[in-house]
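A short worksheet on the structure shown next.
Protein chains in written order, with the UniProt record's numbering: chain U, 1 to 274; chain G, 1 to 294.
Here it is, written out as structure tokens:
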């Protein structure tokens, strides 16, 4: 249903044009990175390198730093995404449903770390954590990762609770359901899409965190971004390519997941319309 | 869950619900900013300085390197944001008639939204560096004979590489926020105007653009604020002789000579203050858009 009608041929070639342009602009920049990851050496002006699996076999070898850093990154990101929800849920619910006075200011204060640049926060937090003995520790780094991640979750979950009708859960409670039953049967199904988004966001946020890990970890905790930056200064382009590929996997999974979700939505809409 | 409780009990419950986020977010950020402010005024007991003064700021505001960094950062953000916004509007207008029909297109537009900027910066480097892929293609096309003949786009003085990375990353971000509004609101109005005989330019001026403006403004402010304070991209793609403001702060802070500490903190205060101004702009123009959506 378009206001301007196109002949189907014109429309189809237009679509192909859009598609190719986007493909070229958004995805092609990754091709050199991918080729580098499979190269032994790649001198100017060759268009293809001398192929080798060196970088990849280093990534997968059990004694390399790479596995340690992947496990550190995964552990931190998983812990951050879980704790971020635990912190954000009560705050978002309180702000969305119960708190009227000062609501805007409390929200602004809690969301501020999204808007203030990492360098300005990380430096101060580093000195603070040094003073209270939290720096150079796993716990300190985890707490630091929560600083940019939890505000995102609060922002997302607040958006949900600001438009949330607590009628269903009240009804369930009146009928004798426990708090937990009303949560599982009424609140959670409605919350699920936003909660999923919030979990994914905080996971990615921690996964790609460099500054906070660098400052608070003091170089003792090696994560994947830390390793990526050190290959950058060492000039090992092949390893840089391979690590970048590993680094983007979670982000790719998120895109694939969200593209599938929107497709499901469309079917749901069609189903309703029919 | 709140009905049976007295007012006092309700207040305690609400305070308890806010407590975890206050502990995790407000306490460290507040303490961090306090320390930053304190040290920027010269209070660094570690090196025996305990007197407060505005000297560092006075020195900062007459220092050439500070001004060149500040204006470099502002210009890079300004150009990145403006170019991204224009391209995003064009892309959104072009895309919206296809976007519902193809899940592959959905995938493509969203493709680089969640990718880390670090990887984007490295990709740009390998693509646009003097021995990068474009340079090689230019060689085979006979345009250049050696890498040095390829224009310096990475680690350059004007921040071309940085700006290109931001554009590459932020165009889809702005476009997606515009498309969601166009999809949800604009079509019926456009149809109506068309029935009333409005030309396509009139339709754009009277309906499409006014509807686009709130998401365009709010996402542009977010892009500006982000690019202004971002560390990773100028760290990888910036030139050593022309540091962005966050890089200048980082260098001053990591300098083993602790007398540079107040300077680092003062630069961070400037970054924070500019961000706060941007936040207020966002609240003025941007929240309108969020309210509309919810």
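Backbone N, C-alpha and C fix where the C-beta goes; we use that ideal spot for every residue, glycine too.
Chain-ordered neighbours of residue i on chain G, where CB pairs are closer than 8 Å
i                     : result
residue 93 of chain U : 17
Exposed unless 16 or more other CB atoms sit within 10 angstroms - verdict on residue i
i                      : result
residue 41 of chain U  : exposed
residue 211 of chain G : buried
residue 36 of chain U  : buried
residue 256 of chain G : exposed
residue 61 of chain G  : exposed
residue 258 of chain G : exposed
residue 63 of chain U  : exposed
residue 154 of chain U : buried
residue 182 of chain U : buried
Inter-residue Cα distance where the pair is residue i and residue j
i                      : j                      : result
residue 291 of chain G : residue 24 of chain G  : Caution is warranted here: a pLDDT of 43 is assigned to residue 291 of chain G, below 50, making its placement in the model unreliable, and the coordinate value is therefore given only provisionally. So the two alpha carbons sit approximately 27 Å from each other.
residue 132 of chain G : residue 226 of chain G : 27 Å
residue 248 of chain G : residue 153 of chain G : 21 Å
residue 234 of chain U : residue 124 of chain G : 18 Å
residue 251 of chain U : residue 230 of chain G : 20 Å
residue 272 of chain U : residue 188 of chain G : Residue placement at residue 272 of chain U is poorly supported in this model, since its pLDDT is 38, which falls under 50; the coordinates still yield a value, given next. Whole-angstrom Cα-Cα distance: 20 Å.
residue 53 of chain U  : residue 44 of chain U  : 20 Å
residue 80 of chain U  : residue 184 of chain U : 23 Å
residue 69 of chain G  : residue 231 of chain U : 27 Å
residue 178 of chain G : residue 202 of chain U : 24 Å
residue 260 of chain U : residue 100 of chain G : 13 Å
residue 244 of chain U : residue 122 of chain G : 8 Å
residue 12 of chain U  : residue 161 of chain G : 35 Å
residue 277 of chain G : residue 85 of chain G  : 20 Å
residue 107 of chain U : residue 51 of chain G  : 35 Å
residue 310 of chain G : residue 15 of chain G  : Missing from the structure shown is residue 310 of chain G; chain G here goes from 1 to 294 and no further.
residue 182 of chain G : residue 213 of chain G : 11 Å
residue 138 of chain G : residue 165 of chain G : 21 Å
residue 148 of chain U : residue 142 of chain U : 11 Å
residue 280 of chain G : residue 21 of chain G  : 22 Å
residue 205 of chain G : residue 193 of chain G : 11 Å
residue 178 of chain U : residue 206 of chain U : 35 Å
DSSP state of residue i mapped onto helix, strand, coil
i                      : result
residue 258 of chain U : helix
residue 220 of chain G : helix
residue 118 of chain U : helix
residue 167 of chain U : helix
residue 292 of chain G : Model confidence at residue 292 of chain G stands at a pLDDT of 44, short of 50, so the residue's coordinates are unreliable; what they give is reported in the following sentence. Helix at residue 292 of chain G.
residue 49 of chain G  : strand
residue 120 of chain G : helix
residue 184 of chain U : helix
residue 201 of chain U : helix
residue 158 of chain G : coil
residue 124 of chain U : helix
residue 140 of chain U : helix
residue 142 of chain G : coil
residue 246 of chain U : helix
residue 229 of chain G : helix
residue 173 of chain G : helix
residue 132 of chain G : coil
residue 51 of chain U  : strand
residue 62 of chain G  : coil
residue 99 of chain G  : coil
Within chain U, the residues that residue i reaches when beta carbons sit closer than 8 Å
i                      : result
residue 268 of chain G : 119, 120, 123, 124
residue 139 of chain G : 44, 45
Chain G contact residues for residue i, given Cβ-Cβ distances below 7 Å
i                      : result
residue 212 of chain U : Result: empty, since nearest Cβ-Cβ is about 11 Å, beyond 7 Å.
residue 277 of chain U : With chain U running from 1 to 274 in the structure shown, residue 277 of chain U is simply not present.
Within chain U, the residues that residue i reaches when beta carbons sit closer than 7 Å
i                      : result
residue 250 of chain G : 119
residue 236 of chain G : 232
Near the ligand PLP: residue i beta-carbon under 7 Å from a heavy atom
i                      : result
residue 183 of chain G : Questions concerning the ligand PLP fall outside what the structure shown contains, since it holds no ligand whatsoever.
Bounding residues of the beta strand (DSSP E) (the contiguous stretch that carries residue i)
i                     : result
residue 40 of chain U : 39-41
9 Å Cβ cut-off: residues of chain U touching residue i
i                      : result
residue 255 of chain G : Neighbours of residue 255 of chain G on chain U: none; closest Cβ ~12 Å, over 9 Å.
residue 109 of chain G : 22, 26
residue 32 of chain G  : 120, 121, 122, 123, 124, 125, 126, 127, 128, 129, 147
Where the alpha helix (DSSP H) containing residue i begins and where it ends
i                      : result
residue 87 of chain U  : 65-93
residue 154 of chain G : Segment: none, residue 154 of chain G is in no alpha helix (DSSP H) and carries neither H nor E.
residue 276 of chain U : This structure does not reach residue 276 of chain U, given that chain U is present from 1 up to 274, and the question cannot be answered.
residue 213 of chain U : 211-217
residue 8 of chain G   : 7-21
residue 111 of chain G : Looking at the DSSP string, residue 111 of chain G is not in any alpha helix (DSSP H), and its letter there is neither H nor E.
Residue-chain proximity (residue i, chain B), Cβ-Cβ < 8 Å
i                      : result
residue 231 of chain G : No chain B appears in this structure, whose protein chains are U and G.
Chain-ordered chain G contacts of residue i [CB-CB under 9 Å]
i                     : result
residue 98 of chain U : 2, 10, 13, 14, 17
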